[in-house]
Amino acid sequence: MHKPILMCVVGTRPDAIKTAPVYLELKAYEHLVESVLVSTGQHREMLDQALGAFGIEADFSLNIMRHGQTLSEITERGLHGLDKLLGQLEPQFVIAQGDTTTTFVAGLAAFYRRIPFGHIEAGLRTDTIWDPFPEEFNRRAVSLVASQHYAPTKLAQKNLETEGISCGKIFITGNTGIDAVQYVGSNSTDTWFEDWPGRVILLTTHRRENWGEPQIRIAEAAAAILDRFEDVLLVVPMHRNPKVREVLEKILGCHPRVRMIEPPAYSAFVQLMKRATLILSDSGGVQEEAPAFGIPVLILRDTTERPEGIKSGNAVLVGTDKEQIVLQSTLLLSDKTAYEKMARAVSPYGDGRAALRIRYLALMHLGIESPEEAMWTS
Ligand code: UD1
Ligand code: UDP
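Numbering (my numbering), first residue to last: 730 to 1107.
Below, the structure written as C-alpha cells:
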C-alpha cells in the first residue's frame, strides 16, 4: 500500500524557520507518511540560509524570486508552479505557516484541488485588513480554506472562533517559532561583539507598510538614540530587499557606532538577539522570540497581531514616530527599573512542543495514529 504524501510549502525566511520543526518531526514518522518539502523560492539566499540552520533542503523549488517582485507576480508564479506540483505529486495534505504570499498561494492551490490544508500559526489578527499589508489578508484568506487551524495561543483560537470557524477544527499548539528558537539556541556557539564593552541595540526592519517615510523616521530615531548614548552600538542586519537597504545605508551607513551586517544565519541571529540590550523591530518572528530570552522589544509598527508579548510586559508598540521611538528607547536605556520590568524571560507564544502536536493532528487527519506523548499537558 502507498504511504500518503504530506506536502510542506515554504517560500520566505520565516516560512522556513517556522515550518522546519514540523517537517523534521514528520520526517521522524517516515514509515507512516511521505513528507515532501516544497519551496516557491519567493526568497532565495535568505530561505536557503534559514533551511540550512535545520540541515534541510527543499525537495522541489519553483525558484520564483525576482528583484522588485510585485505581490501579483509572486501570487501568479507561485500559484502556477504549486498547482503543477500538486497535480504531479498528488499529496493528501498540504501544510504552510503564517501570512506570507507563499502561504496564501499554498492554501489557494490546495483549495482549488480540494486537498486538505493545515495552517500553522493560525488566527493572528489585527483589526484592519490593510495592516500588516498584505499579510493580514493572507492569513484571513487561508483561514477560509484550512481544514486544521494550528493556533499558537488562546487569543488566536478565540479570533478564529469569532469568525465562525468550527471549534473542532481549531487546536492550540503553541508557535513553532519557539520550537525553532529552542532547537538552534541550544546548538549555537556564535559570539558577537565581545570586544565592545558597551550596550548593543539590534534593529531589524523590512515590512512593506514601513517602506519609504516610516523607515526614514526609524533610521533617524536610531541615529538620535546613538547621539544620546555613547556606550551604545547599533547593529543592523540588513534584509536583502534593496529598497530597505538604500534607506538604512543612507541615514546610518557612515555612523562610527553602526554595524550594518548581512543577515546572519538563524543560529547566529539568535545569539545576536541574546547579546542585545534592546531590540527595535518590525519583524513578526523577532517579537515572538525575544521575550523567550527576556530581551525588551520596541515594535516599530502601528498595529500588532501579537499582543501577547505586550500583555506579558516584554514588548511595547511604539509605531514609527521618531519622537516615540527615541522616548521609549531613552526610558529603557536610562531607567533600570523600567528596563528590568520588561527584561524577564517568559514565553507567551509556546512551550517548544508545537511541532509534536501538529504532527499528531495532521497524521490524525490522514487517519494515522501516532504517539500523543502527553502533548496537551503543558
Ligand atoms: C516577505 C513576506 C513578509 C515577511 C518577509 C520576511 C510577503 C508578501 N511578504 O517580505 O510577510 O515578513 O518576507 O522576511 O509574502 N530578496 C533577495 N533575497 C532573498 C529575499 C529577498 O534578494 O533571499 C529581495 C528581492 O529583491 C525581493 C525583495 O527582497 O524582490 C522582496 O522580497 P519579498 O518576498 O517580495 O518581500 P519581503 O519584504 O521579503
Ligand atoms: N532572522 C534571521 N536573521 C536575520 C533576521 C531575522 O535568522 O538577519 C530570523 C528571526 O530570528 C526570525 C525570522 O528570521 O525567526 C523573522 O524573519 P523576518 O523578520 O524576515 O520575517 P517576519 O517574522 O517579520 O515575517
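Cβ atoms here follow ideal geometry from the backbone N, Cα and C, with glycine treated the same way. Computed from a predicted model, the values in this text were never measured in an experiment.
With fewer than 16 neighbouring CB atoms inside 10 Å of its own CB, E1069 falls in the exposed class.
Per DSSP, the continuous alpha helix (DSSP H) segment holding A835 begins and ends at T830 to Y841. Taking K747 as the centre and dropping the five residues before and after it, the same chain places the C-beta of Q826, G827, I849, E850, N904, T905, G906, A909 and G1014 closer than 8 Å to its C-beta, in chain order.
Y879 is a Cβ neighbour of T902, given a cutoff of 8 Å. Contact check between the region 962 to 971 and the region 922 to 937: three or more CB pairs, one atom from each, fall below 8 Å, which counts as touching. Closest in alpha carbon position to G1079, among S1041, A948 and Q821, is S1041. Less than 8 Å separates the beta-carbon of R1004 from that of W921.
For G847, the secondary structure class from DSSP, reduced to helix, strand or coil, is strand.
By the C-beta criterion, the region 1041 to 1055 is judged to be in contact with the region 1016 to 1031, since at least 3 inter-stretch pairs fall below 8 Å.
DSSP places R986 outside any alpha helix (DSSP H), giving it a letter other than H or E. G807 is the residue among L889, G807 and V929 whose C-alpha sits nearest the C-alpha of L791. Three or more Cβ pairs closer than 8 Å define a contact, and the region 990 to 1004 falls short of that threshold against the region 954 to 962. Distance from the CA atom of A948 to the CA atom of F789, rounded to whole angstroms, is 38 Å. Listed as beta-bridge partners of H878 by DSSP are H848 and I899. For secondary structure counted as the alpha helix (DSSP H) over 4 or more consecutive residues, the region 986 to 1047 holds these complete runs in sequence order: 995 to 1004, 1013 to 1022 and 1037 to 1040. In the displayed model, P733 falls within coil according to three-state DSSP, outside both helix and strand.
Residue range R742 to K756 is occupied by the alpha helix (DSSP H) that includes V751. Counting only unbroken stretches of 3 or more residues, no beta strand (DSSP E) element lies wholly within the region 774 to 819.
The continuous alpha helix (DSSP H) containing V973 extends over residues P971 to L981. Cβ-Cβ distances below 6 Å link K972 to W940 in the same chain, with the five nearest sequence neighbours on each side left out; the list follows chain order. Proximity to Q1057 across A1083, R1082 and L1027 peaks at L1027, based on C-alpha coordinates. Around the CB of Y841, fewer than 16 other CB atoms lie within 10 Å, so the residue is classed as exposed. Annotation for H1094 indicates a beta carbon at 7 Å or more from all heavy atoms of ligand 2. Beta-bridge annotation (DSSP): Q1057 is not paired with any residue. Bounds of the alpha helix (DSSP H) holding T905 are T905 to G914.
For I824, the enclosing beta strand (DSSP E) begins and ends at F822 to Q826. In this structure, I899 lies away from L884, with their beta-carbon atoms at least 8 Å apart. Counting along the chain, the unbroken alpha helix (DSSP H) around E1069 starts and ends at K1065 to M1071.
Scanning its chain for C-beta atoms nearer than 7 Å, with the 5 sequence neighbours on each side dropped, one finds around R1088 the residues V751, E754, L755, Y758 and S1099, in chain order.
Looking at the backbone, the Cα of P820 and that of Q798 are separated by about 29 Å. Counting every other CB atom within 10 Å of its CB across the protein chains shown gives L873 a total below 16, marking it as exposed.
Residue pairing of T933 in beta bridges, as defined by DSSP: S1010.
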